[in-house]
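J.: Residue numbers (the numbering used here): 84 to 217.
(1) Measure the alpha-carbon distance for residue 149 versus residue 185 and round it to whole angstroms.
(2) Which of the three DSSP states, helix, strand or coil, is assigned to residue 94?
(3) Ordered along the chain, which non-local residues of its own chain (more than five positions away) have a Cβ less than 6 Å from that of residue 106?
(4) CB-CB under 7 Å to residue 188, same chain, minus the five flanking residues each way: which ones, in chain order?
(5) Under the DSSP definition of a beta bridge, which residues are partnered with residue 151?
(6) State the Cα-Cα distance for the pair residue 85 and residue 212, rounded to the nearest angstrom.
(7) Starting from residue 132, follow its DSSP beta bridges and name the residues at the other end.
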């Protein structure tokens with residue numbers, strides 16, 4: 084299994100295959116944007132779409148954006164969904180792409196159950212985000 088970045092010019096060809104996975108991932112977010120808004124962000128290059136491929140078939144997708152800090156460049160996964168994504172080969176493929184784009188780490192906001200799952204791949208909890216609506 085490997086992660087394949089998709090150039091924005093090809094977004095419309097793959098969107099029907101990946102939309103539901105990305106929408107499912109956003110369902111657990113804080114509501115900053117919906118899947119249609121994410122599509123626009125991918126078209127504009129603000130997020131990069133990756134399709135997870137297993138035996139030449141798409142099995143999942145993720146959107147990632149870059150965050151630059153004084154001491155790090157982070158690949159932040161904004162949405163992810165699909166089947167069988169807890170695969171070491173997939174993580175290595177995605178990690179290599181992140182490194183080739185100058186990233187020093189991969190991050191994402193996740194539920195506690197997902198945080199426990201990805202610990203086996205070397206992820207660690209960095210902080211807990213809280214929010215108060217104004």
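Glycine is no exception: its CB is placed at the ideal position from the N, C-alpha and C atoms.
T.: So, to answer that:
(1) Spanning the alpha carbons of residue 149 and residue 185 requires a straight line of approximately 10 Å.
(2) Reduced to three states, the DSSP call for residue 94 is helix.
(3) Taken in chain order, the residues that qualify are 118.
(4) Correct list, in chain order: 155, 157.
(5) Partner residues in the beta bridge of residue 151, as assigned by DSSP, are 156.
(6) If you draw a straight line from the Cα of residue 85 to the Cα of residue 212, it is about 30 Å long.
(7) Bridge partners of residue 132: 89, 146.
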